[in-house]
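If you're matching positions, the sequence shown starts at 21 in the working numbering and goes up one per residue. Taking it in order: structure first as structure tokens, then the write-up.
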Amino acid sequence: MPRNALTRRHPDLKNAFYDQVRARGQTPASEKRLRQQVRKLKELWAADAEEIARLKTDVEALVGALNQSMTENRLLRQQLADRTGVLRMLPTQSRTGDTTHPLPSGLM
Numbered sequence: 021m022p023r024n025a026l027t028r029r030h031p032d033l034k035n036a037f038y039d040q041v042r043a044r045g046q047t048p049a050s051e052k053r054l055r056q057q058v059r060k061l062k063e064l065w066a067a068d069a070e071e072i073a074r075l076k077t078d079v080e081a082l083v084g085a086l087n088q089s090m091t092e093n094r095l096l097r098q099q100l101a102d103r104t105g106v107l108r109m110l111p112t113q114s115r116t117g118d119t120t121h122p123l124p125s126g127l128m
């Protein structure tokens, strides 16, 4: 049954209710509570909408950073694969204390 079916079938009840409301001269407490609740929910909705907008911009920035890092990673891997096999010899020290390439005194 539709919620307004009763007021369609019995307009006298609806009119009597609104006459009583006008006679009191103020809005009922239940209506005040509902209006306050609606106001709070609208504020929460607005705050949620702002947060969603902020999160969307954060996602866009993070996706951009991810794409950039993936591109850099791909380029570095390609450079590593293209590198020729050049072997560089680092200075070493034998176990007897003789050095093939002497190290500076501060590094020993």
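All C-beta atoms, glycine included, are put in the ideal place defined by N, C-alpha and C.
Helix, strand or coil at glutamine 46 [DSSP, three-state]: Residue numbering aside, residue 46 sits at position 26 when the sequence shown is read from its first letter. Three-state DSSP puts glutamine 46 in coil, outside helix and strand.
Own chain, CB closer than 6 Å to leucine 86, minus 5 neighbours either side, in chain order: Residue numbering aside, residue 86 sits at position 66 when the sequence shown is read from its first letter. Here leucine 86 has no same chain residue with a Cβ atom under 6 Å from its own Cβ, once five neighbours each way along the sequence are excluded.
Straight-line Cα distance separating leucine 33 from glutamine 40: For the purposes of this step, residue 40 is taken as residue 20 along the sequence shown, with counting starting at 1. For the purposes of this step, residue 33 is taken as residue 13 along the sequence shown, with counting starting at 1. Approximately 11 Å, taken between the alpha carbons.
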